[in-house]
Amino acid sequence: MSSPKRRLLVTSALPYANGQIHIGHLVEYVQTDIWVRFQRMRGHEVHYVGADDTHGTPIMLRAEKEGLTPKELIANVWKEHKRDFDDFLISFDNYYTTDSPENEKLSQSIYLKLRDAGLIEKRAIEQAYDPVKKMFLPDRFIKGECPKCGAKDQYGDSCEKCGATYSPTDLKNPFSVVSGATPIKKVSDHYFFKLSDPRCETFLRDWTQVKTPLQPEARNKMKEWVGQPGESKLGDWDISRDAPYFGFEIPDAPGKYFYVWLDAPIGYYASFLNYCQSKGLNFEEWVRPDTTTEQYHFIGKDILYFHTLFWPATLHFAGYRTPTNIFAHGFLTVDGEKMSKSRGTLISAHSVIESGFNPEWFRYYFATKLNDSMEDLDLNLQDFVARVNSDLLGKYINIASRSAGFLVKRFGGVVSDAAMNHLLLSEIASASEKIAELYEAREYAKALRTIMELADKVNAFVDENKPWEIAKDPEREADLQRVCSITLEAFRLLSLYLKPVLPQVAAGVEDFLSVPDMSWNDVKTPLSSQNPIKTYKHLMTRVEAPQIEALLAANL
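Taking the numbering used here, the leading residue of the sequence shown gets 161, the next gets one more, and so forth.
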């Protein structure tokens, strides 16, 4: 049963332009891309946009260190990020940058609307200042001894040893990470978004607890952060930074710049605006409060606070629609531990490709671990080899290689139309809505488990009918064509179900089986004698254990 056509704007979190894309990042982009590709297969209008997050002190300091301007640095990083996303088949409709004229205009416009609504306040604050570099220091650019446990070399916002959180002014024996100098205290005017305003608190309670179907873990966290009516738990949000700073200057506030977390999420809209302008789409139609379009953000759970509090409040009080939902995922561990450069498990996306890995191996493996929760997922390298080889090669690809040769050599690639009514095919086709529901709900692990269970049944059918034995008997030509036709139609259906995860393999299958770009409704359109299949070519190779060893060595 086809569903009504939907209009969806989808984003993944914006990677910071201060480092490489690694496999931990890829979990999110693969998760989003699978969902986007599935929605496209369902016939919905989907626009998937992203951008590099490019502003802030770290960018400014790294550019200075490398002898580049910040703009030169972020242009170089953009090329690397785009290359990595393309390599892993992430199908952005537009991949942009937050350092864009569209983002500057939108950020300033939104700020002025918040100011006119009485939600911006200027106040003097005392901050840590580096007297050598002559700049105010972000929390992460101050280190010292933890005020709770005394651990040395801890950042200015939290202790990695005991987990305590605190202000930079609480650190003992603090020093600037930039120059090594002891910070001094200095007063400066800053601009705050008044999240503690009763209007914001009321709106956020309603948005997080009633109107938005957030994940249970996210809703509970929001309830803790927002509090009950009468409680004032939300603090005001400092949205400004002092020069020198790489970012957008705040209107009517010379020497003051938007904090990166103010303009970064607006970068979603800036990327979409840039895309709309190039495609002739009506941007306002998608972002106004009364729109019937849907808006989804896929993020890591570490940035839930910004996306479920600051972002919807910013949008709402600036006169824009709020997100339909926010989907948060957990972190990736490798062999049960945090990714580590010293162990070679902080694996860059580019090293995966350079080491000769098929990116679809990782897409599939991540999908077998992903669900709709915020729980962490583990890349067990031994399991990775076994799972990919067993599922993709042993169960799935093997189906085509066992039958295609007979059909091409003996029947010119022509299938038996009468064979398309077989009960096995009806069973596989009838699973389409269940699998679709699982993809929609981001329950990829369950979807793939269901698909592989169907693959097991197809392999059992082949083992039972033994086409290699039938082929020896000239009297059973019709049986051979029937068995091979059923097998390849089953393979087509499985390929259709796997297409959101394995788009490259699916493209090879579409060519091999002489079927057009498969949509979800093509479940109802079986292979036909009018379109002979082509000679089978290998669609995927096995993962070998030495490849894992080489990949780890490349990341040491």
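From the three backbone atoms N, C-alpha and C, an ideal C-beta is built for every residue, glycine too.
Classified as exposed, L583 has fewer than 16 neighbouring CB atoms from the shown chains inside 10 Å of its CB. Contact between C644 and F566 holds, since their C-beta atoms are separated by about 5 angstroms, short of 8 angstroms.
The three-state secondary structure of D299, taken from DSSP, is helix.
By DSSP's assignment, V170 forms a beta bridge with Y208, Y456. Straight through space, the alpha carbons of W385 and F335 are spaced by roughly 32 angstroms. At the C-beta level, L648 and Y524 stay beyond 8 angstroms of one another. In this structure, the alpha-carbon of T171 lies about 24 angstroms from that of K231. Under a 10 Å Cβ-count criterion, P519 is classified as buried, with 16 or more other Cβ atoms of the shown protein chains found around its own Cβ. For the 8 angstroms CB-CB criterion, A589 and V683 form a contact.
Its Cα nearest to that of N380, the residue Y465 stands out among S356, S318, Y465. Taking C-beta separations shorter than 7 angstroms and ignoring five residues to either side along the sequence, the partners of W397 in its chain run F352, F353, L355, F470, following chain order. In the DSSP assignment, A488 falls within the unbroken beta strand (DSSP E) covering 485-489. In summary, D244 is buried, with 16 or more beta-carbon neighbours lying within 10 Å of its beta-carbon over all protein chains present. Ranking L653, V337, N236, L537 by CA distance to the CA of D212 puts N236 first.
With fewer than three CB-CB distances shorter than 8 angstroms, the stretch 686-699 does not count as touching the stretch 473-487. When C-beta atoms of the stretch 594-609 are compared with those of the stretch 670-678, fewer than three pairs fall below 8 angstroms, so the two segments do not count as touching.
The stretch 266-280 makes no contact with the stretch 438-458, as fewer than three CB pairs between them are under 8 angstroms.
Per DSSP, the continuous alpha helix (DSSP H) segment holding K242 begins and ends at 230-247.
Counting along the chain, N681 sits inside no beta strand (DSSP E), nor does DSSP assign it H or E at all. The DSSP-derived three-state label of L716 is coil.
For A473 against C360, the beta-carbon gap comes to about 5 angstroms, under 8 angstroms, which counts as contact.
Cβ atoms of I426 and I270 come within 8 angstroms of each other, at about 6 angstroms. A residue is called buried once 16 or more other Cβ atoms fall within 10 Å of its Cβ, and T362, having fewer, is exposed. Excluding five sequence positions before and after R200, the CB atoms of its chain that fall closer than 6 angstroms to its own CB belong to V206, given in chain order. In the DSSP assignment, the residues bridged to R283 are H350. For Y256, the enclosing beta strand (DSSP E) stretches over residues 254-257. Between L233 and E240, the C-beta gap is not smaller than 8 angstroms, which leaves the two residues out of contact. Nearest C-alpha to G316 among C309, R300, K346, A324: R300.
In the structure shown, S336 falls within a strand segment according to DSSP collapsed to helix, strand and coil. Secondary structure of H182 (DSSP, three-state): strand. Every beta strand (DSSP E) stretch that sits fully inside the stretch 515-590 and reaches 3 residues is listed by chain position as 537-539. The Cβ atoms of Y657 and I595 lie closer than 8 angstroms to each other.
D349 counts as exposed, since fewer than 16 other C-beta atoms from the protein chains shown sit within 10 angstroms of its C-beta. Pairing N434 with Y256 gives a Cβ-Cβ distance under 8 angstroms. I426 carries a helical assignment under DSSP once its states are collapsed to helix, strand and coil. The closest CA to that of D538, considering only F522, L552, S550, D551, is found on F522.
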